[in-house]
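Report on one structure; see the data block that follows.
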C-alpha cells in the first residue's frame, strides 16, 4: 500500500473542468497532491490543485510529458490522447481508467460491438463509414426510418446525436462515420454508476432515473433512487456491474440504460469517469462519486454506495436568451429551501444552454424532494448582467 | 443583495489552518473568490484560495492592508489584531464576526463578566491581575481549593487551563492575568453551534456531547445528537441562542456548556467561528458548519441545521511517541468501515498530540455509529515514517 496522504505521491488529472474541480474537493480532503492539465488557463481546476499546466489533451507529447511527472494518471474527460496513455503505461505509470477501455469507449461503433461480443443487451445497430454510405443504404431500402443517428466519435451532451424520421432529417447531420440505432420506445432512462478498483472490488450505486420535461425532450431531474420496481433496479445494477467487469474497468463507469416497455434493460452508452448522473451523491450518498473514483484508482477499499437520503439533481444551464457575465438570479431564494445545495462551476460567462452548475435537493422523502426540486427549477435563472 | 457567485466579490479570511481549509471547500463550491493570510507559508489554505499572503495576524498594518483588498473579512482563529478590524469597519469593510464581539471573547475575564451582565448562567469566578494576586488571595484564605485556573488570554486546546487542588499545583502555571473558576461537577460537557446573519436570522444546530475517555481526562468522541433528554437539549439550544443574541454575533458561535448534576446548563466558553465540535456536520447535517458560516457572514439565508444521520467525530492527533514525516497507519482499514470519512489537514510533520485531522462516522443509528467510532479509534494511528 502506497502512502498517498500528505506525502510526495502525485495524482495527475487530464482535464480541469467541473468534474475535475469536484474531484479536487476530495483530494484536498485526503491531502493527496494533484497535477492538472487543461487547455483553458482559466479552467475551474486552476486553483485547488498543487500544480496546474495549460496544454492540449489530444497532443501526444503534451500528455506524455505531463504524465511522466505523476505516479498515477486519471482523466475527467474522454477526449485525451490514448497513445500517450499507452506509452505511459509501458513506462510504468499507472493510468486509470486504462487506454484499452478508453479506446473502446471513445468510438461508439467499437463500444456497441463490444456489447455484442460480451452478450450485453443493447439496441440493434448498424455501422456506416460515412454519411454517403448511410444514404446509399437508405436509398437501397436496406435501412428504414425511424432510427437514431450517432456520430461514432466526438459526441457530447446531445451533440452528434439525432433522431431521423425522414430523409429530410439527414440534411442537418455531419459527414462522419456513424451508427444507425434502433429506436427504443423506453419507459425510463436509467443510469448506474459502478466503481471497480485494480484488486477487482466492485460496487454499484443505486439506480437513478432521468425525468424528462413533459414536452421539451430534455432531462429535467436526475432522481435517486429511481421510482421503479426493485426487481428492475436489481437487474439494472447487475447489468451495469457486468459491463464494468467486461471492460475490466478501473475507476468509475457510468452506465446509461433504457428500461423498455417490457422491463428489459438495454445499455445505451457508458462514460468512464464521474458523471452528471452521480452529482446527487455529494449530498446524498455515504461515499460521493468523486471520492469513490479516487478510492478506486488508488486501489483503496471502496466506500459504501448507499444513500443517506433521497436525492435529486437539477442542472443549472445558461438561459437561452442570455450571454455575458453570469448572474444566478434567485439563488438566495433556493438557498432558503430545505436540503438545497447549489454548486457553481466557476464559469464567468454564461451562454445559452451552457452547463454552469447544478443544484442538489435531499430529503428523507423522495416525493418531497421532487416538489422542492420543481420549486428550485421554477425559481433560479442563469442570466447575464444587465 | 450583492452578487457573490463567480463575480469580482472578494472574501478575506484571516488564518489559513484547517478551519480555513474546510471553509474553502464551500467557497469553491459556490465559486466565491477568497484571499487568505497566514504566518505559515505552507498553511493548509495556501492552495484553494484565489490569493494567498504570508503575514502576521497580530500586526496592525498587515491586517489593515490585507483587509483593504477585500469586500467582507472574516477569521478562522481568534488571535488577530482587533484594532485593525475596527479601523477596517470604519473604512466601510464588513468584518464578521465584529471587532466588538471578538474583543469580548479574546479575554476570558471580559467574557465571563459579559455573561453576568446578560444573565447568562456560568460557573462562579473571580478575576486576578496576576499570579501574585491569586497567591495572595489564597494565602489570605479568600480563595479556597479546588478551582479551575484559566489565563484570561492566549488559552487554546487545553493550554492556559489547569485544575488547582493544592498550592503545589500553582507552581506550573504561568504569571498572567487569570480567573479562578468554581469547579462544576458536571454530568456532560455539551456544545451548540449558533449561526446568525446581519439581518438577525438565527439558527441553532442540535446539541453535541463530548464523550471523555474513562480514565484519561480527554475528549474521545463528539456525538451528535447528544444522548440527553429532549428538555435538556431544548434548554441548551435556547441558552446558546441567547448568548449569540447577547453578542449580536454575526457568523458562527460555538457555545460550550456544562450540564450539571441538577440538569442546569452553564455556559463554559464560546468560539466565534467554525469549531471542532461541528466537524461532524460536513457528513451529517443538511448544511455543514462551514457553508453556514459563509451564508451567515454574507447575509444569505441560513441553511437547515437538522441532521441527515447520526454523526460522531474522532480527532486524529499525533501519537505521543512519534515525531517526523506523517504516516496514517491503517487508514485503508478505517476507509472500509461503513460511513467513515477521514479528513487529513495537510500537515507534513506529526508531533505528539498535534491535531492532524479528524474522522467522521455517520449512521442512521447513533449506537451503531458509536461502535464503529470505537473501531476507528482502535485502528488508526498517526505515526512517523520509520
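Protein chains in written order, with my numbering: chain A, 1 to 386; chain B, 387 to 772. Each residue gets a CB set at the ideal place from its N, CA and C atoms; glycine is no exception. Every value quoted in this text rests on a predicted model; they were computed, and no experiment measured them.
query	result
Can you name the start and end residues of the beta strand (DSSP E) that residue 335 (chain A) belongs to?	First-last for residue 335 (chain A): 331 to 335, but that is the alpha helix (DSSP H), not the beta strand (DSSP E).
Given a cut-off of 7 Å, decide if residue 717 (chain B) and residue 728 (chain B) are closer than it, judged by their beta-carbon atoms.	yes
Do the stretch 96 to 114 of chain A and the stretch 245 to 252 of chain A make contact, defined as three or more Cβ pairs closer than 8 Å?	yes
Does the separation of the CB atoms of residue 598 (chain B) and residue 605 (chain B) fall below 7 Å?	yes
Per DSSP, residue 253 (chain A) is paired with what?	A:194
To be precise: take each residue of the stretch 411 to 426 of chain B, compare its Cβ to all Cβ atoms of chain A, and keep it if any distance is under 8 Å. Which residues remain?	411, 414, 415, 416 and 417
Smallest Cα separation from residue 188 (chain A): which of A:264, A:162, A:269 and A:178?	A:264
Would DSSP call residue 629 (chain B) helix, strand or coil?	helix
Using only the heavy atoms of the ligand NAP, determine whether one of them is closer than 6 Å to the beta carbon of residue 724 (chain B).	Absent from the structure shown: the ligand NAP. Ligands present: none.
Take every Cβ of the stretch 440 to 450 of chain B, pair it with every Cβ of the stretch 413 to 422 of chain B, and state whether three or more of those distances are shorter than 8 Å.	no
Give me the subset of the stretch 430 to 444 of chain B whose CB atoms are less than 9 Å from a CB atom of chain A, sorted by chain position.	430, 433, 434, 435 and 436
Using the DSSP secondary-structure output, state which residues sit across from residue 350 (chain A) in a beta bridge.	A:324
Using 8 Å for Cβ pairs, my map puts residue 409 (chain B) next to residue 680 (chain B). What's the rounded Cβ distance?	7 Å
Taking the alpha-carbon positions, what's the residue 763 (chain B) to residue 662 (chain B) distance?	17 Å
Please state whether DSSP places residue 672 (chain B) in a helix, a strand or coil.	coil
Under 8 Å, with one C-beta from each stretch per pair, do the stretch 696 to 711 of chain B and the stretch 269 to 285 of chain A reach the 3-pair mark?	no
Whole beta strand (DSSP E) runs in the stretch 455 to 501 of chain B with 3 or more residues, listed along the chain?	458 to 461
Quick one, are the C-beta atoms of residue 479 (chain B) and residue 459 (chain B) less than 7 Å apart?	yes
Are any of the Cβ atoms in chain B nearer than 7 Å to that of residue 343 (chain A)?	yes
What does residue 714 (chain B) reach in chain A if we use C-beta pairs closer than 7 Å?	5
Taking the beta strand (DSSP E) that residue 162 (chain A) falls in, what are its first and last residues?	161 to 164
I want to verify the contact list: residues of chain B whose CB lies under 7 Å from the CB of residue 301 (chain A), in sequence order.	718, 721 and 722
Determine, using beta carbons only, whether residue 672 (chain B) comes closer than 7 Å to chain A.	yes
Going along the stretch 612 to 624 of chain B in order, which residues come within less than 9 Å of chain A, judged by CB to CB distance?	none
Identify the contact partners of residue 697 (chain B) in chain C, using a Cβ-Cβ distance below 9 Å as the criterion.	Checking the listed chains, one finds no chain C in this structure; the protein chains it contains are A and B.
Verify the CB distance criterion: does residue 694 (chain B) have a CB-CB separation below 7 Å to chain A?	yes
Restricting to Cα atoms, I'd like to know which of B:512, B:646 and B:693 is closest to residue 537 (chain B).	B:512
Following the continuous alpha helix (DSSP H) through residue 690 (chain B), name the residue where it begins and the one where it ends.	Per DSSP, residue 690 (chain B) belongs to no alpha helix (DSSP H) and is neither H nor E.
Against residue 69 (chain A), what residues of chain B qualify as contacts under a CB-to-CB distance less than 7 Å, listed in chain order?	Those do not exist, as residue 69 (chain A) stays about 17 Å from chain B at its closest Cβ, beyond 7 Å.
Answer with buried or exposed for residue 393 (chain A), where buried requires no fewer than 16 other C-beta atoms within 10 angstroms of its C-beta.	Only positions 1 to 386 of chain A appear in the structure, and residue 393 (chain A) is not among them; the question remains open.
So, with DSSP's three-state summary, where would you put residue 596 (chain B)?	strand
In terms of residues, what are the limits of the alpha helix (DSSP H) holding residue 413 (chain B)?	404 to 415
By Cβ distance, which residues of its chain are closer than 6 Å to residue 240 (chain A), with the 5 residues on each side in sequence left out?	192, 194, 204 and 255
Please classify residue 9 (chain A): does DSSP put it in a helix, a strand, or coil?	coil
Comparing the C-beta of residue 772 (chain B) with each C-beta of chain A, is any distance below 7 Å?	no
Is residue 304 (chain A) close to chain B? Criterion is C-beta to C-beta, closer than 7 Å.	yes
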